[in-house]
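> If you scroll down you'll find the structure; I have some questions about it.
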Amino acid sequence: MEDKWKHMKRWCIVTAAVVTAFYGIWHPGFSYVEVALITVCVSLGLYTGWALLRWLYEAMFMQESNVEDAQNARFIVKGGHTLRVSLKQVGRYINATTHSPMVIFGYHVDRYAPEMATSYTDAPSSGVLLDTCPVTNLSPQFVNLDVDGNIQFLSSNVLDMFGLEFEAVLGQSISDMTHIFGHGTEAVLETVRQHYYAHQVFHTILNGRETWFLWTYEAVLDTHGQIDFIIAMVQDISGTMPRALGQDFQPERDYLTGQLNQVGLYKTLEAIQDVSEAVSIFIDIRQFSKINDYYGHHFGDKILLEVSQRLNQFTTHGGLLSRVSGDKFVLYLTQQHASRKARETMLHKLEAFLTYDLTIDGITLPLETAIGYAVYPEDCQTLDGLIALSSLAMEASASMKPMQISRYHPSMRDALHYDFLIAHKLKQALENETLEVHFQHVIDASSHDVVYLEALGRWYDDELGVVPPSTFFQAAEATHLLDTLDRQLAGKAIHAFKQVREKPLYQNARLSLNIAPDSLLDITFFQYVNATVEAAQIAYGDVCIEVSEKTFVSRIEQCREAIQKYKDMGYVIALDDFGKEYSSLAILDHLTFDIIKIDGAFTQSINTVKSQEIIKMIRNITHLSHKKLIIEGVETAAQSLAALELGCPLQQGFHHHRPARLN
C-alpha cells in the first residue's frame, strides 16, 4: 500500500511538469522562469491534494482483511497521563464520520515509558493514534473477549504459543479452555466486570514443559461507561517466577502477603464438604488509596503486610485468610470455629481493628477499617455467596459514625438496589440533560456586594426526589460518568451565568466553577471549557476555577502544569476547602493561585483561639502575596462578624445566601 502511494506522488509531480510545459508552449508570452515557477506551484498544489486524498482514503476505506496493522503511539488519556501504546488493529475500518477506529482489537501499554507526548486528542474513547510510526519486532500476545468471556479474537502470537487454530477457538468461552490456557476461572472475569482490571499467575504444562503465565485483564469501556470488551494479555514468565518464588510457588496465593488470593479462596471453598456452620468476615482498610497517593505504593505495601500479619493470628486454630483485592481481606471460618461463641469471641477481638495506630518506617498513622460479616446458613445457602453478603455488611460498617462491626441484613440488598437505581437514573438524567445548576453568592460583607457566584449541581427526580450532590457525584464516579457530569454542569453554568449577569446585582460578579480532579488534568475538558466560555462571549478573567486540595495530593507537578494552562488563558484560580484534609503550606509555593477558600470547619469553631490563629495566619499569607481570602460555611451573623473582625470580608454561606436558580 505504501509503494502505491509513492507511485501516485511521483505521478502527480510528473503530471504537473507535463501540464505546465504544455501550458507554456500554448502561451509563448511566459518566460522560462515563469514556467518553472508555475511548475513548482502546481506540483505543490497536487502534492497537498495527494496528501489530503490519502488521509480521506485511509479514514473512509482502510480495510485489509486478515492483515495486522501494528503501530506505536503516544496517548494523552483522561487525567492528563501520558502512556506509550503498542496497538494492533486487525481487519477493521475507520469510521468515516468520526475518523476513529470502530474497533481496536488489542494493545499493550507501557506505563513507565519515559517519553512524554506534546500533542493531544479530543477524540472519543476508542482513541486516535498520535505521532505514529512503523514498528518492528512488535509481538503483543492478547486475547479479546466479550463481556461474557467469549473469545472474539486471538493475536497470532497466542495462536503460535498454544498451537491453536483461529477458527477452532473463535466464540468459545475462555472459562472452558483451562486445559489449554492454564486458567479460566469465572471469578477472575467477575473481578474484571466489577473493577475493570485483574491479573493472575497460572501454571500449566505446555509442550511437556512446566510453564507459568501472567494473565492481565483490562476492561475497555464505551462512552456510556459500560464494558465494551475485555482485553486479556498473556506473558510467559517461566524464566523468572519459579526462581523468584521458589518451588513452593502457588498461583492461588497473593504475591505480596502470601495469603490466598480471591481465586484461591473460591477454589478452597469449592473443595470444602459437609459444612454446617460458617462465617465470612470482610475487612476493608479505609482511605487506603489516599495513603498510597500521599506516601507512595511502597509504603502502602508495608501497611498491607502488617495488616495481613495481624489478621493471620485469627487463623492459627483453623480458618482462612484471603487478600481478595487491593485493600480488602476476608477471614473465613467454618464448623466449630464459626459457632456462635467462637464468632462472638473473634468479633470482640476484631473491634480493636476498627481504629488503631500503625507505625511504618517511623511514621505513625491512624488506620480505620470497616468490618462486616455474614453467617451460613442463616444469611445465605452457599459458602461462596457468603462473601458477597459480608462485603455488603462491610459497606454498612463504613457508613457508621463511629464505625462498628456490622452484620449482614436483608435491607442491605435494598441499599444496593438503591445504588443501582441512582446510577441508572443518573445516566438517564445526563442523557436528557435534566440536571440543574444553582448559584450561591460569595459576598463582600463590608459592602454587601456579590463578588462571585459559585455554580452548584442540583438534581430532582420524580421517583427519587431531591438527590444530594454528594450522592450523585459519588454515583457518577463509580459508574464512570463523572466526566460527562462535569462537562454538562460546567456548560450549563456558563450559559446560565451569561443570562444572570445581565441583572444589576450581578454585573460585577464572577462565575466560580468546581472542577473534579480528573477533569482538571484532562486537556480535552480544558478545551471544552475554553470553547464554551468563548461561545457565551464571557471573558476568561470572569471565570474562577476552584481546585479542591485533594486534587493536588501526590500530583503536584501535573496539577501545577494544568493550573498554569488555565492561568495563561486568564482564568482566576481558587484553592477550595483549604485546611480540610491534607493541606500543606508548601503547596502555596508550588501552585499558582489567586484565592484561598478556608474550609467551613474553621468557621464552625471560629470562636476558639486555635481557629482564629489559623485564620489569621492564612490571611497574612494572602495579604503578603496579594491574594484574596474567602471564608466558607458562614451560617450565622455572629460568625460573619467574627470573620470580618479577623480581616475576612469575603464570605460564603447560608447566612448570606442559599443556593438557588437565578436565571
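Per the working numbering, residue 1401 is the first one in the sequence shown, and the count goes up by one each step. Backbone N, C-alpha and C fix where the C-beta goes; we use that ideal spot for every residue, glycine too. Computed from a predicted model, the values in this text were never measured in an experiment.
How would you label Phe1820, buried or exposed, when you count the other beta carbons within 10 angstroms and need 16 or more for buried?
For the purposes of this step, residue 1820 is identified with residue 420 of the sequence shown, where counting begins at 1. Phe1820 is exposed by the Cβ-count criterion.
> For Leu1905, which residues from the same chain have a beta carbon less than 7 Å from its beta carbon, with the 5 sequence-adjacent residues on both sides left out?
By one-based count along the sequence shown, residue 1905 stands at place 505. The answer, listed in chain order, is Val1850.
> Can we say the region 1835 to 1847 touches the region 1958 to 1966, given the rule of at least three CB pairs closer than 8 Å?
No, they do not touch.
> How close, in whole Å, do the beta carbons of Ala1774 and Leu1783 come, if the pair is a contact with beta carbons under 8 Å?
Here residue 1774 corresponds to residue number 374 of the sequence shown, with the count starting at 1. Here residue 1783 corresponds to residue number 383 of the sequence shown, with the count starting at 1. No, Ala1774 and Leu1783 are not in contact; Cβ-Cβ is about 11 Å, not under 8 Å.
> DSSP on Pro1802, reduced to helix/strand/coil?
Stepping through the sequence shown from its first residue, residue 1802 is reached at position 402. DSSP places Pro1802 in coil when its eight states are reduced to three.
> Please state the DSSP three-state secondary structure of Tyr1493.
As a working mapping, residue 1493 is identified with position 93 in the sequence shown. Its pLDDT being 36, under 50, Tyr1493 is placed unreliably by the model, and the measurement read from it follows with that caveat. Of the three classes helix, strand and coil, the one that applies to Tyr1493 here is coil, per DSSP.
> Please report the distance separating the alpha-carbon of Leu1853 from that of Asp1942.
Here residue 1853 corresponds to residue number 453 of the sequence shown, with the count starting at 1. Here residue 1942 corresponds to residue number 542 of the sequence shown, with the count starting at 1. Each residue's Cα considered, the two are about 10 Å apart.
> Between Asp1989 and Ile1973, is the Cβ-Cβ spacing less than 9 Å?
As a first step, residue 1989 must be located in the sequence shown, where it is residue number 589. As a first step, residue 1973 must be located in the sequence shown, where it is residue number 573. Taking 9 Å as the Cβ cut-off, Asp1989 and Ile1973 do not qualify as a contacting pair.
> Using only CA atoms, which one of Val1547, Arg1740, Phe1613 and Val1588 lies nearest to Val1558?
Taking the sequence shown and counting its residues from 1, one reaches residue 1558 at position 158. The option with the nearest alpha carbon to Val1558 is Phe1613.
> If you reduce the DSSP assignment to three classes, tell me which class Gly1970 lands in.
Locating residue 1970 in the sequence shown gives position 570, where the first residue counts as 1. Looking at Gly1970 - three-state DSSP - the assignment turns out to be coil, as it is neither helix nor strand.
> How about the region 2030 to 2042 and the region 1823 to 1836: do they share at least three Cβ pairs that are nearer than 8 Å?
No, the region 2030 to 2042 is not in contact with the region 1823 to 1836.
> Residues in its own chain within less than 7 Å of Ile2021 by CB, not counting five upstream and five downstream?
For the purposes of this step, residue 2021 is taken as residue 621 along the sequence shown, with counting starting at 1. Leu1988.
> Just to confirm my understanding: we take Gly1719, look at its own chain, exclude 5 residues before and 5 after, and list those with CB closer than 6 Å. What are they?
Along the sequence shown, one-based indexing puts residue 1719 at 319. Closer than 6 Å at Cβ, skipping near neighbours: Leu1733 and His1737.
> Using a Cβ distance threshold of 8 Å, determine whether the region 1757 to 1769 contacts the region 1703 to 1718, with at least three qualifying pairs required.
Yes, they touch.
> Rounded to whole angstroms, what's the CA-CA distance from Thr1604 to Glu1670? Just pull it up for me.
Here residue 1604 refers to the residue found at position 204 of the sequence shown. Here residue 1670 refers to the residue found at position 270 of the sequence shown. Cα to Cα, Thr1604 sits roughly 20 Å from Glu1670.
> For the putative contact between Cys1944 and Arg1910, defined by C-beta atoms under 8 Å, what is the C-beta separation to the nearest angstrom?
The residue given as residue 1944 occupies position 544 in the sequence shown. The residue given as residue 1910 occupies position 510 in the sequence shown. Rounded, the Cβ-Cβ distance is 6 Å, consistent with contact.
> When the Cα of Met1561 is compared with those of Phe1542, Glu1567 and Asp1546, which residue comes out closest?
Taking the first residue of the sequence shown as position 1, residue 1561 is located at position 161. With distances taken between Cα atoms, Met1561 lies closest to Phe1542.
> Roughly how many angstroms separate the alpha carbons of Lys2016 and Gly2047, rounded to a whole number?
For this step, residue 2016 is matched to residue 616 along the sequence shown. For this step, residue 2047 is matched to residue 647 along the sequence shown. Rounded to whole angstroms, Lys2016 to Gly2047 spans 8 Å at the Cα level.
> Just to confirm my understanding: we take His1698, look at its own chain, exclude 5 residues before and 5 after, and list those with CB closer than 6 Å. What are they?
Residue numbering aside, residue 1698 sits at position 298 when the sequence shown is read from its first letter. Contacts found: none.
> Under 8 Å by Cβ, that's how I've got Ser1573 and Asn1544 pegged, so tell me the actual separation to the nearest angstrom.
In the sequence shown, residue 1573 corresponds to position 173, counting from 1. In the sequence shown, residue 1544 corresponds to position 144, counting from 1. Contact flag wrong, Cβ pair sits at about 13 Å.
> Looking only at C-alpha atoms, which of Tyr1940, Pro1810 and Ile1685 sits nearest to Leu1765?
Sequence index remark: in the sequence shown, residue 1765 carries index 365 (1-based). Closest option to Leu1765, Cα to Cα, is Ile1685.
> What do you reckon, are the CB atoms on Ser1806 and Ile1843 nearer than 9 Å?
Working through the sequence shown from its first residue, we reach residue 1806 at position 406. Working through the sequence shown from its first residue, we reach residue 1843 at position 443. Going by C-beta atoms, Ser1806 is not nearer than 9 Å to Ile1843.
> Leaving out five residues on either side along the sequence, give the residues of the same chain with a beta carbon under 8 Å from the beta carbon of Leu2069.
Absent from the model: residue 2069. The displayed extent of the chain is 1401 to 2063, so no value can be given.
> Grouping DSSP H, G and I as helix and E and B as strand, with all else coil, what is Asp1560?
Taking the first residue of the sequence shown as position 1, residue 1560 is located at position 160. Looking at Asp1560 - three-state DSSP - the assignment turns out to be helix.
> Between the Cα of Leu1913 and those of Ser1948, Asn1712, Ala1935 and Arg1710, spot the shortest distance and give me the residue it belongs to.
By one-based count along the sequence shown, residue 1913 stands at place 513. Among Ser1948, Asn1712, Ala1935 and Arg1710, the Cα nearest to that of Leu1913 belongs to Ser1948.
> Taking the continuous beta strand (DSSP E) assigned at Glu1854, which residues delimit it?
For this step, residue 1854 is matched to residue 454 along the sequence shown. First-last of the beta strand (DSSP E) with Glu1854: Asp1849 to Asp1861.
> Let's test the definition: count the other Cβ atoms within 10 Å of the Cβ of Tyr1597 and tell me whether it reaches 16, buried, or not, exposed.
Walking along the sequence shown from the start, residue 1597 turns up at place 197. So Tyr1597 ends up on the exposed side.
> From the DSSP output, in three-state form, read off Val2061 for me.
Within the sequence shown, numbered from 1, the residue matching residue 2061 stands at position 661. Inspection of the sequence shows that residue 2061 is occupied by Arg rather than by Val. Arg2061: coil per DSSP, three-state reduction.
> Nearest-angstrom Cα distance between Asp1674 and Arg1740?
For the purposes of this step, residue 1674 is taken as residue 274 along the sequence shown, with counting starting at 1. For the purposes of this step, residue 1740 is taken as residue 340 along the sequence shown, with counting starting at 1. If you take the alpha carbons of Asp1674 and Arg1740, they lie about 18 Å apart.
> Check this for me: beta carbons of Gln1600 and Val1663, under 9 Å apart or not?
Residue 1600 sits at position 200 when you count from the first residue of the sequence shown. Residue 1663 sits at position 263 when you count from the first residue of the sequence shown. Yes, Cβ-Cβ distance for Gln1600 and Val1663 is below 9 Å.
> As a quick exercise: from Ser1722, Leu1830, Ile1996 and Tyr1928, pick the residue whose alpha carbon is nearest that of Asn1661.
To locate residue 1661, count along the sequence shown from 1; it is residue 261. The residue with the shortest Cα to Cα distance from Asn1661 is Ser1722.
> Write down the C-beta distance between Leu1816 and Leu1789 rounded to the nearest angstrom, noting that I regard them as a contact closer than 8 Å.
Counting from 1 along the sequence shown, the entry for residue 1816 is found at position 416. Counting from 1 along the sequence shown, the entry for residue 1789 is found at position 389. Going by Cβ atoms, the distance from Leu1816 to Leu1789 rounds to 10 Å, so no, they are not a contact pair.
> Beta-carbon within less than 6 Å of Gly1625's beta-carbon, same chain only, minus the 5 sequence neighbours each way: which residues are those?
For this step, residue 1625 is matched to residue 225 along the sequence shown. Contacts found: Thr1879, His1880 and Leu1881.
> In chain order, which alpha helix (DSSP H) runs of at least 4 residues are fully inside the region 1723 to 1764?
Runs found: 1740 to 1750.
> Taking the beta carbon of Thr1716 as the centre, do at least 16 other beta carbons fall within 10 Å, making it buried, or is it exposed?
The residue given as residue 1716 occupies position 316 in the sequence shown. Counting Cβ neighbours within 10 Å, Thr1716 comes out exposed, since fewer than 16 surround it.
> Assign Cys2048 to one of three DSSP states: helix, strand, or coil.
The residue labelled residue 2048 in the question sits at position 648 within the sequence shown. In the structure shown, Cys2048 sits in coil (DSSP, three-state: anything other than H, G, I, E or B).
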